[in-house]
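For the sequence shown, position 92 matches number 92 in the UniProt record's numbering, and the numbering has no gaps at all. The C-beta atom is built at its ideal place from N, Cα and C for all residues, glycine as well.
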Amino acid sequence: MRFAVVSDTHDNLSAVKELADALSKEKLDFVVHAGDVIAPFTLKEFERLGVKLYIAFGNNDGERRILTQIAERNSWEIGDIVEFPGGVVYHGTDKRVLEVLKKLETLVVFGHTHEVLKEKNLLNPGEVCGYLTGKRTYAIVEDGEISILEL
């Protein structure tokens, strides 16, 4: 199984387009988004990948109803905490929820901090937007091996 993990796109449309270009060259089973898509037009960029998305709502996602409509139209999964093959994704705004999820024997993907973290069963791919760290990062997970890549 090979999939991409992204987070915190924050409406940086040029970064999302660059990300979509990079991901379209990969042979992916699906994409996991750990939240803060923000606006529906940003999510639409992922439609061209032609793979299933598993999306956790972030604390800055304002148009949840429209984001949900886009997800449902594409048969994607979206919610506060979403299971995907091999793991679960949650934005990460409540550390107590993260502590509970860490107890699962599966990959726990989260975002929110904008900083890359690979630790035991935890993965934060950093930020696609590049606003806080100056780095636009994402992850590729293949058969349990995690690679952090920079746009």
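Run through the stretch 60 to 104 for me and flag every whole beta strand (DSSP E) of 3 or more residues, listed as ranges in chain order.
Correct list: 77 to 79, 81 to 84 and 87 to 90.
For the alpha helix (DSSP H) holding I44, just list the boundary residues, first then last.
For the record, residue 44 in the displayed sequence is Lys; it is not Ile. Note, K44: alpha helix (DSSP H), P40 to K44.
Is D36 close to chain C, meaning its C-beta is less than 8 Å from at least one C-beta of that chain?
No chain C appears in the structure shown, which is made up of a single protein chain.
Assign R136 to one of three DSSP states: helix, strand, or coil.
It is coil, neither helix nor strand.
Kindly indicate which residue of S14, G58, V89 and N74 has the alpha-carbon position closest to the one of A4.
Checked all of S14, G58, V89 and N74; the closest Cα to A4 is V89.
May I have the straight-line CA-CA distance separating T42 from Y138, to the nearest angstrom?
Between T42 and Y138, the C-alpha separation is close to 16 Å.
What span of residues does the beta strand (DSSP E) with E47 cover, start to end?
It is not in any beta strand (DSSP E) - E47 carries neither H nor E in the DSSP assignment.
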